[in-house]
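Residue numbers (my numbering): 329 to 811. By construction, the Cβ of each residue, glycine as well, lies at the ideal position given by its N, Cα and C atoms. Have a look at the structure below before the remarks.
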Amino acid sequence: MNIILSGIDHSCADLARRERFALSAEQQKEVYARAAEHPGVLGVVTLSTCNRTELYVSVEDGVQLPPFSLLEHVPQAEWEGCAVLETEAAFFHLASMASGLKSRIFAEDQILTQVKAALRQARAHHAADSALEVFFRTAVTAAKRIKTELQFSHGDVAAATAAKDLICADTSVRRVLVIGNGEMGRACAASLAAAGLEVSMTLRQYRHGAPQIPHGVTAIDYAERYRAMERFDAVVSATASPHYTVKADELSGCTSLPRLYLDLAMPRDIDPAVALLAHTRVFDIDQIADSSGVRCRQSEKLAQAEAIIGQGLRDVQSWVRGRAQCAAEQRRTHFPLFVECAGRQVLVVGAGKIATRRALSLCKFDFEVTVVAPEASPEIERLAACGRVELLRRAFCDDDLDDCFLVVAATDDRRVNHHVAELARHREVFASIADKAAECTFYFPALAESGAITAGVCGDGTSHHQVAKAAKTIREALNHETD
């Protein structure tokens with residue numbers, strides 16, 4: 329396992345510099361694509377939040393790659409001085425950060441959700457290899473233990489409460505507009521309403537499900553926010569928008585302006601030029617965090633947290649040693665096993681030459697075989713026409729693995745095959761990956777059959793010629809016995 333981390337956060341960069349490193353969803357896709365094309369890179373996970381941008385890259389032995397070199401929108405001179413941590417130090421950082429112990433608002437809970445979402449996103453883009461899976465899952469487990477057993481957050485103030493305290497310190501504020509209906513926006517609105525303020529929240533048009541409005545909060549259309557601002561004393565903005573939600577030039581036409589603006593977003597939601605308007609005060613996320621004063625000294629709990637993270641690191645190291653021991657001792661890692669196949673679901677991803685051979689072999693048994701591929705070979709088309717396989721003429725999607733016993737990935741796209749492998753491992757589905765033996769959890773055997781006898785031959789996933797030769801010898805022996 330070789331994990332390299334590049335990161336920038338509130339502890340080493342101001343808000344303006346962090347904004348230059350922030351990754352939109354489209355930019356994260358570009359990072360995944362560049363990583364997939366880079367020799368020696370096995371996987372990557374991107375994490376971009378309001379306080380940090382981090383890239384975790386899994387590489388082959390001997391590969392030296394500053395992860396931020398995968399960012400095309402950031403010049404080299406900008407990222408050269410950023411922190412670079414390797415496996416052990418990177419794990420301690422990740423687990424501490426996922427626990428909220430490195431957050432701008434100390435011990436806040438949202439970062440753990442964001443870390444888990446980062447891993448899910450990497451999976452969705454076929455970018456997380458098994459090392460990153462173990463690395464992140466173990467760090468998340470350690471973070472959950474820290475939150476459950478040590479309960480830092482029970483005595484500390486979340487970002488929403490810090491914003492509420494700052495607003496309530498101004499006794500002239502009675503009415504507050506919250507822009508954003510995400511987790512942070514709802515938390516702020518609920519906290520302000522509970523403090524006795526009159527709170528409204530903006531809503532965009534929803535396509536999926538009903539919006540969640542905290543108790544005691546009214547809703548206004550996001551598009552009407554400038555017209556509505558004349559009624560409010562303060563504005564809180566907490567969206568994931570890459571653009572300003574409050575612009576100074578739009579406010580200039582208002583006859584009456586809110587006096588107080590709190591920006592909980594990164595990139596910033598509120599145009600810094602708003603602070604130049606008469607009688608206005610603007611607080612960004614760093615200033616809000618500084619105002620809360622919640623990072624207290626809890627040395628005993630911090631020592632306990634470090635011990636939990638240390639145990640997590642030992643678990644990761646044990647996993648690495650287990651893999652290395654199997655390789656060093658040349659112990660066989662795949663046991664030949666004949667299993668009941670009647671009615672079990674099997675998925676073949678791809679319909680080229682290799683996938684066709686696999687499907688033809690599987691159809692000799694009582695499996696329920698499904699082939700998913702945008703285009704199919706003539707042999708697959710014939711199998712589908714006679715009802716031997718179900719053919720889905722489209723690209724693979726994650727739901728295709730539902731209820732599967734085993735899957736064969738044999739496309740000409742490495743990223744698709746890798747994604748199938750990682751998804752199958754996560755769901756505990758047996759997987760044969762045609763272009764990478766290391767990702768197989770079962771090897772597809774060469775078959776030799778005669779009457780009631782079925783023999784299967786497999787090697788190490790790479791010795792295909794030897795396997796074919798051995799299977800041929802067995803077939804000849806079986807045929808000789810029959811004669």
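Take T782, set aside five residues on each side of it, and the residues of its chain with a beta-carbon closer than 8 Å to its own are F666, L775 and A776, in chain order. Comparing alpha carbon positions, the residue from E414, L413, P394 and T415 closest to A405 is P394. D730 and V700 have their C-alpha atoms roughly 13 Å apart. Secondary structure of C410 (DSSP, three-state): coil. According to the DSSP assignment, C516 belongs to the alpha helix (DSSP H) that extends over E511 to A522. Ranked by Cα distance from S458, the options V757, C786, E750 and E804 are led by E750.
In this structure, DSSP gives V501 a state outside helix and strand, which the three-state scheme calls coil.
Linking H792 to S760 through their CA atoms gives a straight-line distance of about 14 Å.
DSSP places M425 in the uninterrupted alpha helix (DSSP H) bounded by T415 to A426. Exclusion of the five residues before and after F772 leaves R686, V736 and S760 as the residues of its chain whose Cβ lies within less than 7 Å of its Cβ. The Cβ neighbour count for T583, taken over all protein chains shown within 10 Å, is under 16; the residue is labelled exposed. Beta-bridge analysis with DSSP links A568 to no other residue. Cα atoms of H401 and L333: separation of roughly 18 Å, rounded to the nearest angstrom. Burial is judged here by how many other beta carbons sit within 10 angstroms of a residue's own beta carbon; G428 has at least 16 and is buried. Judged by DSSP in its simplified three-state form, M529 adopts strand. Secondary-structure assignment with DSSP links C732 through a beta bridge to Q673. In this structure, V504 places its C-beta atom within 8 Å of the C-beta atom of D561. Contact annotation: L494 and V468 have beta-carbon atoms that are not nearer than 8 Å. Under the DSSP definition of a beta bridge, E382 partners with G335 and L375.
The stretch 409-423 and the stretch 635-644 touch, with three or more beta-carbon pairs separated by less than 8 Å. The distance from the Cβ of C732 to that of Q673 is about 5 Å, consistent with a contact at the 8 Å cut-off. Our two residues, I336 and T698, have alpha carbons roughly 46 Å apart in a direct line.
Under DSSP, A759 takes part in a beta bridge, and its partners are V735. Non-local beta-carbon contacts of K472 in its own chain, meaning distances under 8 Å to residues more than five positions away in sequence, involve L440 in chain order. According to DSSP, residue pairing for R609 in a beta bridge involves L588. The beta-carbon separation of M594 and E347, rounded to 7 Å, stays under the 8 Å limit for a contact.
By the criterion of a C-beta distance shorter than 7 Å, A353 is surrounded by no residue of its chain, once the five residues flanking it on both sides are discounted. Between the alpha carbons of I548 and E707 lies a gap of roughly 59 Å.
Here S397 carries a helix assignment [DSSP, helix/strand/coil]. Straight-line measurement puts the Cα of L734 at about 53 Å from the Cα of R553.
Taking a C-beta distance under 8 Å as the contact criterion, L719 and A704 qualify as a contact pair. Apart from sequence neighbours up to five positions away, the residues of its chain that approach F758 with a beta-carbon distance below 8 Å are F733, L734, V735, A752, T769 and F770, ordered along the chain. Between H454 and H662, the C-beta spacing is not below 8 Å. A straight-line Cα-Cα distance of about 12 Å links L531 and S565.
Contact check for D614 against V574 fails: the beta carbons are separated by 8 Å or more. In the three-state scheme derived from DSSP, where H, G and I count as helix and E and B as strand, I541 is classed as coil.
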